[in-house]
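A short worksheet on the structure shown next.
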Amino acid sequence: MIGERSVSLLPGSYKLWMKHLSFCLSLLDHSLPVYLLSSSSSHNHYKLTQSAFERALVRLHKMPKLWLMYAAFVSLYDPLRDPTTVRRVYDRALVALPASQHERVWEEIICWVTGILPSTALRILRRHALCFDTTFREDLATLCITRYKRYGEGASLLLQLLNNENASGSSTTFLSPNGTTRHELWLRFADVCTSHPNEAKQQKQQKNIQVISHRLGEMEGTLWTRLAEYHVRAGDFELARSVYEEALDAITRVRDFSLVFDAYVRFEEGDLDILLGDNSLQDENAESSADVELAISRAEHLTSRRPLLLNRVLLRQNPNNVGEWIKRSQLYLDLGEVDMAASALEEALKSVNSGKAVNGSPSTIVLTLIDVHENKQKDLEAARNVLERICYNNEYTFTDTDDLAQCHSAWVELELRQENWDMALNLARRAVSSNTGGQKRGFKAVRGLSRSLRLWNLLFDLEESLGTVQTTKDAYDRSLELKVATPSHVLNYANFLKDKKYFEESFAAYERGLGLFPFPHAGATLLWKNYLTNFLERYEGSKTPRVRELFDRCLADCPPEESPEFYLQYGEYEETHGLTKRALGVYERMCNAVPAAENYTAFRLYIAKAIKYLGVTSARPIYERAISALEDKPAASICLEYAKMETGLRETDRARTVLVFGAQLADPRRDPDYWNAWHEFEVSHGNEETFREMLRVKRSVQAAFSTVNYNAAEMGSGAPKVDTLTEESALEMIAEREGIETEKQPVVGGFVQAKRTADMADLGEVERRAARLRQATGAQNVSAGDDEIDIDDVDEEGEEPQQAPRTSNVGGVSTKAVPAAVFGGITTCGDN
1 MIGERSVSLL PGSYKLWMKH LSFCLSLLDH SLPVYLLSSS SSHNHYKLTQ
51 SAFERALVRL HKMPKLWLMY AAFVSLYDPL RDPTTVRRVY DRALVALPAS
101 QHERVWEEII CWVTGILPST ALRILRRHAL CFDTTFREDL ATLCITRYKR
151 YGEGASLLLQ LLNNENASGS STTFLSPNGT TRHELWLRFA DVCTSHPNEA
201 KQQKQQKNIQ VISHRLGEME GTLWTRLAEY HVRAGDFELA RSVYEEALDA
251 ITRVRDFSLV FDAYVRFEEG DLDILLGDNS LQDENAESSA DVELAISRAE
301 HLTSRRPLLL NRVLLRQNPN NVGEWIKRSQ LYLDLGEVDM AASALEEALK
351 SVNSGKAVNG SPSTIVLTLI DVHENKQKDL EAARNVLERI CYNNEYTFTD
401 TDDLAQCHSA WVELELRQEN WDMALNLARR AVSSNTGGQK RGFKAVRGLS
451 RSLRLWNLLF DLEESLGTVQ TTKDAYDRSL ELKVATPSHV LNYANFLKDK
501 KYFEESFAAY ERGLGLFPFP HAGATLLWKN YLTNFLERYE GSKTPRVREL
551 FDRCLADCPP EESPEFYLQY GEYEETHGLT KRALGVYERM CNAVPAAENY
601 TAFRLYIAKA IKYLGVTSAR PIYERAISAL EDKPAASICL EYAKMETGLR
651 ETDRARTVLV FGAQLADPRR DPDYWNAWHE FEVSHGNEET FREMLRVKRS
701 VQAAFSTVNY NAAEMGSGAP KVDTLTEESA LEMIAEREGI ETEKQPVVGG
751 FVQAKRTADM ADLGEVERRA ARLRQATGAQ NVSAGDDEID IDDVDEEGEE
801 PQQAPRTSNV GGVSTKAVPA AVFGGITTCG DN
């Protein structure tokens with residue numbers, strides 16, 4: 001009673017009403033089952049509480065908490081358990097509350113409808129999805145399909161989502177609150193329609209999939225197969241075949257093609273199995289046999305079409321794929337359908353863009369089409385008609401000039417195969433002519449025909465074979481005027497004139513070619529070689545001034561790396577038909593003009609020619625020039641050759657001087673051959689003093705190179721070792737050659753030990769034996785005096801105790817006896 005009095009005095013107090021209503025709810029007996037509430041005393045409390053809620057909502061109708069408490073109270077304690085009563089409470093709440101608070105109410109409604117009748121629940125959920133929260137349509141579609149088995153309505157809702165339409169029909173962008181993609185929605189829609197075709201008949205699935213498949217390319221194969229399955233489940237087999245055929249003509253991916261084709265094959269096999277099963281249960285008749293044969297032919301026809309269908313898919317991916325168009329025509333030819341092959345190539349000419357063509361050139365399509373008309377259909381007029389349209393009517397625009405040139409060449413070759421020589425020659429002339437007649441001059445490919453090497457080569461061959469000399473000359477002259485000729489064309493032109501005995505015109509052709517291709521062009525070398533060779537072959541020893549002028553012109557501009565061959569040819573000509581002096585002058589110029597890498601060879605040739613024509617001594621200044629001009633290693637080699645020449649002339653002093661000069665160019669550790677040669681020279685022609693001088697020079701040069709190239713020993717370690725005499729062996733050999741035998745003698749302190757034996761004590765005998773040895777070996781006599789071999793070993797110094805010398809007094813002058821060890825082996829003869 002206190003609560004009633006309070007709310008009657010303060011009817012607008014939210015707190016008082018909440019306390020009062022909470023107290024009323026607590027008086028209800030929650031322990032009783034719901035079905036006993038109507039027969040218990042709690043029914044009175046229900047009526048009082050309901051009345052309290054109604055009175056509270058009169059003033060507090062904007063309080064969502066009160067509405068939710070009221071709805072929960074009615075749903076729990078209503079004796080009649082009438083969903084309509086609860087629904088009306090929620091409706092009143094939605095009417096009374098502002099729209100910003102409807103979400104709280106709808107959350108309770110969604111929880112409540114799960115336990116009521118499906119029809120009522122669906123009506124309430126439709127209101128929520130279509131009027132309040134449009135994103136709930138996805139959940140509603142899921143509920144329709146999974147819980148309420150309303151497949152048609154679920155498919156309709158999914159289609160609305162896929163079409164981005166709201167309840168009013170206007171287009172909006174649908175974003176799934178659950179993160180579902182459009183691909184998944186399409187798959188779900190296709191599954192529903194396929195699994196329940198009767199319920200989803202009204203959704204026009206085929207039309208929808210046809211419209212959307214090009215947008216969802218990665219799913220089009222799956223969607224088409226689901227659509228076909230939909231018709232199969234509905235019993236429309238012919239319509240299913242139509243769907244499969246349409247899918248095979250629409251898909252653009254090989255993966256989707258495999259998916260659809262395999263499904264199509266399974267469908268045909270299943271149809272055939274059904275027919276065979278029916279025939280096994282029933283007696284065979286003509287109609288059933290025809291159906292079986294028709295099913296078998298359908299399956300065979302489908303499998304035989306697979307390569308063509310797959311090829312069509314690839315062409316839909318890229319219609320500019322030339323290789324696939326050629327393959328398509330070949331597939332038709334393999335099937336024996338020649339007309340279809342020609343039609344495919346005609347379609348290719350209409351579809352392929354020459355600027356975007358891949359996997360082949362567009363001209364290949366034309367050439368293949370010509371081959372089909374000529375060899376398969378035996379229709380030459382059709383082939384000529386195609387070439388006329390391509391070459392002169394410009395029905396196809398080529399980007400590359402060479403593609404159009406190939407078409408012109410194909411036409412010429414076609415006429416040659418038919419032995420229409422004049423027509424072939426006229427076509428070749430017309431192709432390279434600047435007046436194309438009837439062609440649109442704006443096309444780049446057409447404008448470039450007059451500079452096409454393919455067409456010019458064809459024209460030259462035909463002119464030389466079928467034309468006259470004058471027409472051939474005109475063709476070559478025209479190419480030279482247009483500057484489209486190559487060095488090979490110039491050579492062919494010159495050889496053609498030479499074969500026709502037009503020698504001067506042939507040389508004029510060379511001159512024009514050299515004007516087009518001067519040095520340093522790579523073709524200039526070839527042109528000059530043939531020009532000079534043919535000129536010398538024609539005039540041989542005559543017209544020498546003209547030949548010299550040609551060689552001088554050639555060598556004036558010739559690069560150094562290309563010049564040796566021309567110098568050799570020039571020098572050979574002067575040797576044969578000119579003057580020796582001029583020939584040597586040419587070789588001298590060659591030594592100055594050739595690259596550094598070939599200088600050594602050039603100087604050797606110059607030296608050989610000088611020796612041949614002027615004698616050996618004339619090569620001395622050339623050797624000296626070569627030594628001063630060459631690098632160290634080749635200069636050292638020249639020094640060896642120079643020394644060898646002087647040795648042959650018995651000018652040993654000059655040879656030794658050359659070797660001494662060249663020694664500074666040869667590192668003993670990197671160029672052992674040089675020092676081995678000098679070593680052998682001194683052993684053969686030197687004496688002890690010169691040999692020791694050679695060793696001294698070798699040590700000084702080795703020391704000089706060691707300060708510069710500290711790793712020379714490592715760099716020369718790989719050089720093969722040559723067995724040579726050691727220094728001691730060489731000295732012994734020289735002594736033996738001079739007739740001196742070495743023998744150990746007592747060493748006298750302060751003196752160098754002598755190397756003469758007692759048998760050679762007489763110096764005169766030594767000289768006589770040396771003279772005989774020189775005469776026997778062809779060596780020169782060594783005069784007594786400064787050139788006498790020094791028998792004292794200046795490198796040996798021994799310090800031993802000395803004996804007391806004997807003294808004597810002669811004429812008042814005190815003298816000492818010379819120790820016997822000083823005379824070595826000749827002491828026995830000293831007493832005489």
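In terms of the UniProt record's numbering, the sequence shown is residues 1 to 832. We put the CB at the ideal spot given by N, CA and C, even for glycine.
Under 7 Å from any heavy atom of the ligand FMN, does the C-beta of residue i make it?
| i | result |
| --- | --- |
| F551 | For the ligand FMN, the structure offers nothing, since it holds no ligand at all. |
Going by C-alpha to C-alpha distance, which of the options sits closest to residue i?
| i | options | result |
| --- | --- | --- |
| E641 | A619, V313 and E415 | A619 |
| G371 | T472, N198, A596 and Q330 | Contrary to the premise, residue 371 reads as Asp rather than Gly in this sequence. Among T472, N198, A596 and Q330, the Cα nearest to that of D371 belongs to Q330. |
| A635 | M590, F661 and E419 | F661 |
| R650 | L310, S684, R582 and N492 | S684 |
| S409 | L459, N393 and F691 | L459 |
| S706 | R696, G686, E693 and P668 | P668 |
| E505 | K529, Q470 and S488 | Q470 |
| N164 | V386, D499 and E138 | E138 |
| Y623 | R589, R696 and F603 | F603 |
| E374 | F398, I390, W411 and D403 | W411 |
| R447 | L404, G355, L427 and D256 | L404 |
| P79 | H489, T472 and Q50 | Q50 |
| L272 | S297, F398, E464 and Y531 | S297 |
| L466 | R150, G115, S258 and L425 | L425 |
| G541 | R699, R553, H577 and A263 | H577 |
| A382 | E245, V366, Y396 and T397 | V366 |
| E229 | S258, H196 and R255 | H196 |
| Y674 | D653, Q702, T114 and N687 | Q702 |
| S156 | T525, M340, P177 and W186 | W186 |
| R253 | D422, E220, T657 and S563 | E220 |
So, helix, strand or coil for residue i, using DSSP?
| i | result |
| --- | --- |
| N321 | strand |
| V113 | helix |
| V616 | coil |
| Y148 | coil |
| V358 | strand |
| E797 | Interpretation of E797 is limited by its pLDDT of 39, a score under 50 that renders its predicted location unreliable; the figure taken from the coordinates is listed afterwards. Three-state DSSP puts E797 in coil, outside helix and strand. |
| M69 | helix |
| W17 | helix |
| F517 | coil |
| E108 | helix |
| R316 | helix |
| D256 | helix |
| K376 | helix |
| S176 | coil |
| T707 | helix |
| A56 | helix |
| M219 | helix |
| P83 | helix |
| G277 | helix |
| Q439 | Any reading at Q439 must be qualified, since the residue scores a pLDDT of 49, below 50, and its modelled position is unreliable; the value itself is stated next. Correct three-state label for Q439: coil. |
Since residue i contacts residue j with CB under 8 Å, what's their CB separation in whole angstroms?
| i | j | result |
| --- | --- | --- |
| R328 | A344 | 5 Å |
| L158 | F189 | 4 Å |
| Y613 | T580 | 5 Å |
| F261 | L309 | 7 Å |
| G355 | G323 | 17 Å between Cβ atoms; not a contact. |
| P487 | L455 | That belief does not hold up - the Cβ atoms of P487 and L455 are roughly 18 Å apart, past 8 Å. |
| V338 | Q377 | 6 Å |
Closest Cβ-Cβ distance between residue i and chain B: below 8 Å?
| i | result |
| --- | --- |
| P668 | Absent from the structure: chain B. Only one protein chain is present. |
Legend entry - Touching by the beta-carbon criterion (3+ pairs, under 8 Å), the region 529-546 and the region 557-574: Taking a cut-off of 8 Å for Cβ pairs, the region 529-546 and the region 557-574 touch, as three or more such pairs fall below it.
Legend entry - Whole alpha helix (DSSP H) elements within the region 380-424, 4-residue minimum: The region 380-424 is shown to contain whole alpha helix (DSSP H) runs of 4 or more residues at 380-391 and 401-417, in chain order.
Inset, instruction - Let me know the alpha helix (DSSP H) ranges lying completely inside the region 442-498, each 4 residues or longer, listed in chain order. - result: The DSSP assignment places complete alpha helix (DSSP H) segments of no fewer than 4 residues inside the region 442-498 at 444-447, 453-466 and 469-482, in order along the chain.
Inset, instruction - Count the C-beta pairs between the region 236-246 and the region 259-273 that are closer than 8 Å, then say yes if the count reaches three, no if not. - result: Yes, the region 236-246 is in contact with the region 259-273.
Inset, instruction - Determine contact between the region 80-89 and the region 111-130, defined as no fewer than three beta-carbon pairs at a distance below 8 Å. - result: Between the region 80-89 and the region 111-130, the count of C-beta pairs closer than 8 Å reaches three or more; the two stretches touch.
Inset, instruction - Run through the region 523-607 for me and flag every whole alpha helix (DSSP H) of 4 or more residues, listed as ranges in chain order. - result: Annotation note: the region 523-607 contains the following uninterrupted alpha helix (DSSP H) runs of length 4 or greater, listed N- to C-terminal: 544-557, 563-577 and 580-593.
Inset, instruction - Within the region 616-700, note down every full alpha helix (DSSP H) run reaching 4 residues or more, in order along the chain. - result: Scanning the region 616-700 for uninterrupted alpha helix (DSSP H) segments of 4 residues or longer gives 620-629, 632-648, 652-663 and 672-685, listed from N- to C-terminal end.
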